[in-house]
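Colleague: When the letters of the sequence shown are read in order and numbered with our numbering, they come out as residues 392 to 707. In this text, a Cβ means the ideal position worked out from N, Cα and C, and glycines have one as well. This is the structure I have questions about; it appears just below.
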Amino acid sequence: MPNPSPPSADGLLGLVGATPLVELTRVSPRPGRLRFFAKLEGQNPSGSIKDRIALAMVLDAERRGLIGPGSTLIEASTGNTAIALAMVARRRGYHLKVVVPEGVVPSIADVLSLYGVELCWVKPKAGMVGAIEAASEMSARGEGHALRQFDNPVNVLTHMNTTGAEIAAALPRVDVFVAGIGTGGTLMGVSRRLREQNPALRVIGVEPRMGERLQGLRSLNDGYHPPLLDLDALSARYLVGSDTALNMMRRVVREEGVMAGVSCGAVLHAALQATRDLEEGIVVCMFSDGGWKYLPARPWEAAANHDPNLDETHWW
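Pasting the structure below:
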């Protein structure tokens, strides 16, 4: 048994980052030669990778004198970033307004309400594009400081200097890195750090199939291209359907024992598809959150007879 960690001198926020990187020993079609690792970001205090950027963006705004005791923070989010910011705001003494499209997952709205977050709704048709615009307008009217996760350079730098650095310290070389497309911060930041070790690194971005929804992922066909995302830095994009993602989520739980989120299922599916012709190598999959918050939707019952090979699109 490993020795228990000593108490964090920084309290709850001192536990952000340094998440486990575990080998998935049962999913590889070529065990021992083609090795798959998962970065378990659900082990962060609020349960997702977004704890990293939430804390970093708030600390950056503090250092720059943009916020102070009692300030109001504003962000557009439908899930993990909002929850992460709710935690950070509570610990640092800020009020938080989250702009969210109507129809957000009820369990996520419940968590935000429990934290005391002020939810500002936009019509479902407006989507995240409308939420981002509304957050900017609120900030311009003086209602608070917009953290702007979708174009804040701190997002990329945080993943390069923490998430990517942790992976690089654990593995001498990574051949393929796979992560979902959201703000683009994880893909860009981690890949920059890993390419310092291996310039030939393949970087795979994962997004929902057109017309479908996967919590935490964004389709570039929705009409919004995150400014942080450089498509030229990607080796390939995979579009994964919700049924496929849910089935792979269930497989990860039952075969590996990892309670991974829905987007993690999409990422692992894309990783397996992208490495079909790879005989050996190291593949790192970004598991951005845990599966606990999705249990009310009973994902283990979804699409039990669905053929995942019919539900995946590879773009370049």
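1. Identify, in the order they occur along the chain, each residue of the same chain with its Cβ nearer than 6 Å to the Cβ of Arg561, setting aside the five sequence neighbours on each side.
2. Give me the Cα-Cα distance between Leu619 and Ile499, rounded to the nearest whole angstrom.
3. Would you kindly work out how many angstroms separate the C-alpha atoms of Leu425 and Leu403, rounded to a whole number?
4. In whole angstroms, give me the CA-to-CA distance for Ser582 and Met529.
5. With H, G and I counted as helix, E and B as strand and the rest as coil, what does DSSP make of Val553?
6. Nearest to Ser610 by alpha carbon, out of Tyr629, Asp621, Asp623, Met677?
7. Going by C-alpha to C-alpha distance, which of Ser654, Leu622, His616, Ser626 sits closest to Ser633?
8. For Asp698, which residues from the same chain have a beta carbon less than 8 Å from its beta carbon, with the 5 sequence-adjacent residues on both sides left out?
9. Between Ala480 and Leu505, which are expected to be in contact by the criterion C-beta below 8 Å, what is the C-beta distance as a whole number of angstroms?
10. Do Val508 and Ala522 have their C-beta atoms within less than 9 Å of each other?
11. Does the distance from the CB of Phe678 to the CB of Lys430 come in under 9 Å?
12. Sorted by chain position, which residues of the same chain lie with C-beta nearer than 6 Å to His550's C-beta, five sequence neighbours on each side aside?
13. On a CA-only basis, which of Pro460, Ala537, Pro515, Arg584 is nearest Val547? Give me that one, please.
14. Tell me where the alpha helix (DSSP H) around Ile474 begins and ends.
15. Is the beta carbon of Ala475 closer than 9 Å to that of His536?
16. May I ask which residues mark the beginning and end of the beta strand (DSSP E) holding Gly672?
17. For Ala624 versus Val597, is the C-beta spacing smaller than 9 Å?
18. For Ser439, does the three-state DSSP call read helix, strand or coil?
19. Could you name the residues of the same chain whose beta carbon sits closer than 8 Å to that of Gln421, not counting the 5 residues immediately before and after it, in chain order?
20. Unbroken alpha helix (DSSP H) runs of length 4 or more, entirely within the region 577–659: which are they?
21. Which stretch, first to last residue, makes up the beta strand (DSSP E) that contains Glu528?
22. Taking C-beta to C-beta, are Val565 and Ala556 nearer than 9 Å?
23. Rounded to whole angstroms, what is the Cα-Cα separation between Tyr683 and Asp621?
24. Using only the alpha-carbon positions, how far apart do Asn612 and Arg604 sit?
25. What is the rounded straight-line gap between the Cα of Gly461 and the Cα of Gln664?
26. Let me confirm a value: Ala591 is counted as buried when at least 16 other C-beta atoms fall within 10 Å, else exposed. Which label applies?
27. Buried or exposed for Leu659, please, with buried defined as at least 16 other CB atoms from any protein chain shown within 10 angstroms of its CB.
Modeller: Let's see:
1. Rather than Arg, the amino acid found at residue 561 in this sequence is Ala. Excluding sequence neighbours, Ala561 sits near Leu412.
2. 25 Å
3. 37 Å
4. 33 Å
5. This sequence places Thr at residue 553; Val is not what is there. In this structure, Thr553 counts as helix in the three-state DSSP scheme.
6. Tyr629
7. Ser654
8. Note that Asp698 has pLDDT 47, beneath the 50 cutoff, so the model's placement of it is unreliable and the number below is only indicative. Excluding residues within five positions, none has a Cβ falling inside 8 Å.
9. Contact doesn't hold; Cβ gap of about 13 Å is too wide.
10. no
11. yes
12. Gly576, Thr577, Gly580, Val581
13. Arg584
14. 471–483
15. no
16. 672–678
17. no
18. strand
19. It should be noted that the sequence gives Arg, not Gln, for residue 421. So the qualifying residues of the chain are Glu670, Glu671.
20. 633–642
21. Where Glu528 is concerned, there is no enclosing beta strand (DSSP E), although the alpha helix (DSSP H) it sits in stretches over 518–531.
22. no
23. A small fix is needed here, since residue 683 is Trp in this sequence, not Tyr. Each residue's Cα considered, the two are about 32 Å apart.
24. 12 Å
25. 48 Å
26. exposed
27. buried
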